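Enquirer: As you go down the protein sequences, you meet chains V and Y in turn. According to numbering that gives the first Met the number 0, the first sequence is numbered sequentially starting from 0. According to numbering that gives the first Met the number 0, the second sequence is numbered sequentially starting from 0. Virtual Cβ for every residue (Gly too), placed ideally from N, Cα, C. All values reported here derive from a predicted model rather than from experimental measurement. Below is a structure I'd like to ask you about.
Number of protein chains: 2
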Amino acid sequence: MGEGQPDTRTRIQDAAAVLFRRNGYSGTGLKRIAAEADAPFGSIYHFFPGGKQQLTEETVRTAGTAYGRMVLELLDSLLDSLADDPVESVAKAFEAAADDLAATGYADACPIAAVAWEVASTNEALRVATADVFGEWVTAGEQWFARWVPDRDAARSLAHSLVMLLEGAFVLSRAARDREPLLLAGQSMATLLRTAIERTDRA
Amino acid sequence: MGEGQPDTRTRIQDAAAVLFRRNGYSGTGLKRIAAEADAPFGSIYHFFPGGKQQLTEETVRTAGTAYGRMVLELLDSLLDSLADDPVESVAKAFEAAADDLAATGYADACPIAAVAWEVASTNEALRVATADVFGEWVTAGEQWFARWVPDRDAARSLAHSLVMLLEGAFVLSRAARDREPLLLAGQSMATLLRTAIERTDRA
Numbered sequence: 000m001g002e003g004q005p006d007t008r009t010r011i012q013d014a015a016a017v018l019f020r021r022n023g024y025s026g027t028g029l030k031r032i033a034a035e036a037d038a039p040f041g042s043i044y045h046f047f048p049g050g051k052q053q054l055t056e057e058t059v060r061t062a063g064t065a066y067g068r069m070v071l072e073l074l075d076s077l078l079d080s081l082a083d084d085p086v087e088s089v090a091k092a093f094e095a096a097a098d099d100l101a102a103t104g105y106a107d108a109c110p111i112a113a114v115a116w117e118v119a120s121t122n123e124a125l126r127v128a129t130a131d132v133f134g135e136w137v138t139a140g141e142q143w144f145a146r147w148v149p150d151r152d153a154a155r156s157l158a159h160s161l162v163m164l165l166e167g168a169f170v171l172s173r174a175a176r177d178r179e180p181l182l183l184a185g186q187s188m189a190t191l192l193r194t195a196i197e198r199t200d201r202a
Numbered sequence: 000m001g002e003g004q005p006d007t008r009t010r011i012q013d014a015a016a017v018l019f020r021r022n023g024y025s026g027t028g029l030k031r032i033a034a035e036a037d038a039p040f041g042s043i044y045h046f047f048p049g050g051k052q053q054l055t056e057e058t059v060r061t062a063g064t065a066y067g068r069m070v071l072e073l074l075d076s077l078l079d080s081l082a083d084d085p086v087e088s089v090a091k092a093f094e095a096a097a098d099d100l101a102a103t104g105y106a107d108a109c110p111i112a113a114v115a116w117e118v119a120s121t122n123e124a125l126r127v128a129t130a131d132v133f134g135e136w137v138t139a140g141e142q143w144f145a146r147w148v149p150d151r152d153a154a155r156s157l158a159h160s161l162v163m164l165l166e167g168a169f170v171l172s173r174a175a176r177d178r179e180p181l182l183l184a185g186q187s188m189a190t191l192l193r194t195a196i197e198r199t200d201r202a
């Protein structure tokens, strides 16, 4: 295996992540995944004996966890460059998400939302996988906000709002092919955080 | 045609709306739509010569417009019963959405989001249909908020946040089978509206 060339299993999972993100679960066939991964069709069953179900579940968990980590790293790096201003950092993170989305032709938004919408009523194992990932994101967000908003319920509410505004803005921005919803979501998230910090200071 | 029994075209569109909402676009086959509508398979092509594409586009527009009207009627009726308090009305509307979602076993949320996520990068006519519906909702929301927040940009931002928080909360609540995300989204929306009204009063 050449250096920098991911192994077949990783290529399959990376290709699946891209396709699920863009086309959803039912719209993504295994043949297409094998072709995009430049892997023999049979290798999918070799690495994922449970077939599409297993591949999707592992992809949702892997891509979901990686995405949550990336968002937190972005928030921390913005915080460093913005004089520890969390309100400004949150607004800038949504601007960065808008730029990234526009740069991919409004294709690559959340890695799990398309699947989450499709499977919630029809595929219990995949529903649980998406719920676990959303739960991870909320927990990580709660810890991030707790630095300025120590009240646990308030920090948890902010974390939910961050994830919900991002998911809602992604679907509107993709549909309209317009950055505006993501930018407005960032301003709303900044308002919510500013309000929560002011409440904390008054308490 | 018996009284109270919708005609075949309406039954096909109603069945399609339920299935798209629960299973998405790729996950919904025409055979299943015909079966649920208790209609001959061929009648789909009779009423929708463009097949699944035409049926989906008309369903997105019809169900989307009806849903937006229903949410506005709910907001107005809450306003009547809550002494014209828009902040409380918004929070209660999210509670009602949470109750409705739980009552359907966390199946029936937004009628167009699952389709919107799937088609944004793959089906231009359907992408435009979902964008048009989201746009209608934002415009209607902007007019509703303008009664208390006359600044147009501020009212438009509130309308976006209402739609985005609702969409984000729907996907989290469905995945977790839990009302909490919708309730927290309602509280955040109430905070955003209260803040915008206070700003208006100070201006």
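Do you know offhand how far S110 of chain V's Cα is from T9 of chain Y's?
Expert: The residue you call residue 110 of chain V lines up with position 111 of the first sequence. The residue you call residue 9 of chain Y lines up with position 10 of the second sequence. Reading off the sequence shown, one finds Pro at residue 110 of chain V, where the question assumed Ser. Distance between the alpha carbons of P110 of chain V and T9 of chain Y: 35 Å.
Enquirer: Within 8 Å, do at least three Cβ pairs link the stretch 94 to 107 of chain Y to the stretch 23 to 42 of chain Y?
Expert: No, the stretch 23 to 42 of chain Y is not in contact with the stretch 94 to 107 of chain Y.
Enquirer: Along chain Y, in chain order, which residues have C-beta atoms closer than 9 Å to that of F133 of chain V?
Expert: Here residue 133 of chain V refers to the residue found at position 134 when the first sequence is read from its first residue. Residues of chain Y passing the Cβ test: V170, L171, A174, A175 and P180.
Enquirer: List, from N- to C-terminal side, the alpha helix (DSSP H) runs of 4 residues or more that fit wholly inside the stretch 104 to 188 of chain V.
Expert: Here the runs fully enclosed are 112 to 118, 123 to 144 and 151 to 175.
Enquirer: Helix, strand or coil: which one does DSSP assign to D200 of chain Y?
Expert: For this step, residue 200 of chain Y is matched to residue 201 along the second sequence. In this structure, D200 of chain Y counts as helix in the three-state DSSP scheme.
Enquirer: Return the chain-ordered list of same chain residues with a C-beta closer than 8 Å to the C-beta of R155 of chain V, the five sequence neighbours on each side being excluded.
Expert: Position 156 of the first sequence, counted from the start, is the residue given in the question as residue 155 of chain V. The residues are V137 and E141.
Enquirer: Apart from the five residues on each side of it in sequence, which residues of its chain come closer than 6 Å, Cβ to Cβ, to L181 of chain Y?
Expert: As a first step, residue 181 of chain Y is located in the second sequence; it is residue number 182 there, counting from the start. Counting only Cβ-Cβ distances below 6 Å, and skipping sequence neighbours, we find F93, A96, A97, A168 and S172.
Enquirer: For the putative contact between L164 of chain Y and L164 of chain V, defined by C-beta atoms under 8 Å, what is the C-beta separation to the nearest angstrom?
Expert: The count along the second sequence starts at 1 and reaches residue 164 of chain Y at position 165. The count along the first sequence starts at 1 and reaches residue 164 of chain V at position 165. At roughly 6 Å, the Cβ-Cβ gap stays under 8 Å, so L164 of chain Y and L164 of chain V are in contact.
Enquirer: Is S187 of chain Y near S160 of chain V, with beta carbons less than 7 Å apart?
Expert: Here residue 187 of chain Y corresponds to residue number 188 of the second sequence, with the count starting at 1. Here residue 160 of chain V corresponds to residue number 161 of the first sequence, with the count starting at 1. Yes, the pair counts as a contact, with Cβ atoms nearer than the cut-off.
Enquirer: Comparing the C-beta of G208 of chain V with each C-beta of chain Y, is any distance below 7 Å?
Expert: A query on residue 208 of chain V cannot be resolved here, the shown segment of chain V reaching from 0 to 202 and no further.
Enquirer: L77 of chain V: which of V:A202, V:A124 and V:V89 sits nearest, CA to CA?
Expert: Locating residue 77 of chain V in the first sequence gives position 78, counting from the first residue. The option with the nearest alpha carbon to L77 of chain V is V:V89.
Enquirer: Buried or exposed: which applies to A124 of chain Y, given that a residue is buried once 16 or more other Cβ atoms fall within 10 Å of its Cβ?
Expert: Numbered from 1 along the second sequence, position 125 holds the residue referred to as residue 124 of chain Y. Per the 10 Å Cβ criterion, exposed.
Enquirer: List the residues of chain Y that Y105 of chain V touches, going by C-beta distances under 8 Å, in chain order.
Expert: In the first sequence, counting from the first residue as 1, residue 105 of chain V sits at position 106. Correct list: A119 and S120.
Enquirer: Quick one: Cα of E166 of chain V to Cα of V114 of chain Y, how far?
Expert: Here residue 166 of chain V refers to the residue found at position 167 when the first sequence is read from its first residue. Here residue 114 of chain Y refers to the residue found at position 115 when the second sequence is read from its first residue. Going from the Cα of E166 of chain V to the Cα of V114 of chain Y covers about 15 Å.
Enquirer: Closer than 7 Å, CB to CB, is S187 of chain V near chain Y or not?
Expert: In the first sequence, counting from the first residue as 1, residue 187 of chain V sits at position 188. Cβ-Cβ to chain Y under 7 Å: yes for S187 of chain V.
Enquirer: Does the Cβ of T103 of chain V have 16 or more other Cβ atoms within 10 Å, making it buried, or fewer, making it exposed?
Expert: In the first sequence, residue 103 of chain V corresponds to position 104, counting from 1. T103 of chain V comes out exposed.
Enquirer: Taking DSSP as the reference, what is the three-state secondary structure of M0 of chain Y?
Expert: As a working mapping, residue 0 of chain Y is identified with position 1 in the second sequence. Note on M0 of chain Y: pLDDT 46, under 50, position unreliable in the model; the coordinate value appears next. In this structure, M0 of chain Y counts as coil in the three-state DSSP scheme.
Enquirer: Using a 10 Å radius around the Cβ and a threshold of 16 neighbouring Cβ atoms, would you call F40 of chain Y buried or exposed?
Expert: Along the second sequence, one-based indexing puts residue 40 of chain Y at 41. With fewer than 16 Cβ atoms within 10 Å of its Cβ, F40 of chain Y is classed as exposed.
Enquirer: Which residue wins for smallest C-alpha separation from R198 of chain V, given the options V:A184, V:A158, V:G49 and V:D150?
Expert: For this step, residue 198 of chain V is matched to residue 199 along the first sequence. That would be V:D150, whose Cα lies nearest to the Cα of R198 of chain V.
Enquirer: Are the C-beta atoms of A124 of chain Y and some chain A residue less than 7 Å apart?
Expert: Although the question refers to chain A, the structure presented lacks it and instead comprises the protein chains V and Y.
Enquirer: Just how far apart, CA to CA, sit T129 of chain Y and A174 of chain V?
Expert: Here residue 129 of chain Y is taken as the residue at index 130 of the second sequence, counted from 1. Here residue 174 of chain V is taken as the residue at index 175 of the first sequence, counted from 1. Spanning the two alpha carbons is a distance of roughly 6 Å.
Enquirer: Which of the three DSSP states, helix, strand or coil, is assigned to A82 of chain Y?
Expert: Residue mapping note: residue 82 of chain Y aligns to position 83 of the second sequence, counting from 1. Three-state DSSP puts A82 of chain Y in coil, outside helix and strand.
Enquirer: Counting contacts by CB-CB distance shorter than 7 Å, is M0 of chain Y in contact with chain V?
Expert: The count along the second sequence starts at 1 and reaches residue 0 of chain Y at position 1. Confidence in M0 of chain Y is poor, its pLDDT being 46 and thus under 50, which makes the residue's placement unreliable; the coordinate value appears in the next sentence. It does not: the Cβ of M0 of chain Y has no partner Cβ on chain V nearer than 7 Å.
Enquirer: DSSP three-state call for G23 of chain Y: helix, strand or coil?
Expert: For the purposes of this step, residue 23 of chain Y is taken as the residue at position 24 of the second sequence. Coil at G23 of chain Y, not helix or strand.
Enquirer: Can you name, in chain order, every residue of its own chain whose Cβ lies under 7 Å from the Cβ of L18 of chain Y, other than the five neighbours on each side?
Expert: Position 19 of the second sequence, counted from the first residue, corresponds to residue 18 of chain Y. Within the same chain, L18 of chain Y has close Cβ partners T27, R31, I32 and E35.
Enquirer: Return the first residue and the last residue of the alpha helix (DSSP H) that F46 of chain V is part of.
Expert: As a first step, residue 46 of chain V must be located in the first sequence, where it is residue number 47. F46 of chain V -> alpha helix (DSSP H) spans F40 to F46.
Enquirer: Can you tell me whether D13 of chain Y is helix, strand or coil according to DSSP?
Expert: Position 14 of the second sequence, counted from the first residue, corresponds to residue 13 of chain Y. Reduced to three states, the DSSP call for D13 of chain Y is helix.
Enquirer: Going straight from the alpha carbon of L54 of chain Y to that of Q12 of chain Y, what length do you get?
Expert: Taking the second sequence and counting its residues from 1, the one referred to as residue 54 of chain Y is at position 55. Taking the second sequence and counting its residues from 1, the one referred to as residue 12 of chain Y is at position 13. L54 of chain Y and Q12 of chain Y: Cα-Cα distance of roughly 7 Å.
Enquirer: Can a CB atom of chain Y be found closer than 7 Å to the CB of H45 of chain V?
Expert: For this step, residue 45 of chain V is matched to residue 46 along the first sequence. False, the Cβ-Cβ gap to chain Y never drops below 7 Å.
Enquirer: Establish whether the CB of T129 of chain V and some CB of chain Y are separated by less than 7 Å.
Expert: By 1-based counting over the first sequence, the position of residue 129 of chain V is 130. It does: the Cβ of T129 of chain V has a partner Cβ on chain Y nearer than 7 Å.
Enquirer: Give the interface partners of R60 of chain Y over in chain V, defined as CB-CB distance under 7 Å, in chain order.
Expert: Locating residue 60 of chain Y in the second sequence gives position 61, counting from the first residue. What R60 of chain Y touches in chain V: nothing, since even the nearest Cβ is about 13 Å away.
Enquirer: Taking C-alpha atoms, which residue in V:L191, V:A15 and V:L81 lies nearest to G50 of chain V?
Expert: For the purposes of this step, residue 50 of chain V is identified with residue 51 of the first sequence, where counting begins at 1. Among V:L191, V:A15 and V:L81, the Cα nearest to that of G50 of chain V is on V:A15.
Enquirer: Taking N122 of chain V as the reference, which of V:L157, V:Q52, V:Y66 and V:E87 has the closest Cα?
Expert: Translated into positions along the first sequence, residue 122 of chain V becomes position 123. That would be V:Q52, whose Cα lies nearest to the Cα of N122 of chain V.
Enquirer: Tell whether a beta-carbon distance below 7 Å holds between G23 of chain V and G23 of chain Y.
Expert: If you number the first sequence from 1, residue 23 of chain V lands on position 24. If you number the second sequence from 1, residue 23 of chain Y lands on position 24. Yes, these two residues count as a Cβ contact at 7 Å.
Enquirer: Determine whether the Cβ of A184 of chain Y lies closer than 7 Å to any Cβ atom of chain V.
Expert: For the purposes of this step, residue 184 of chain Y is taken as the residue at position 185 of the second sequence. Judged by the 7 Å Cβ criterion, A184 of chain Y is in contact with chain V.
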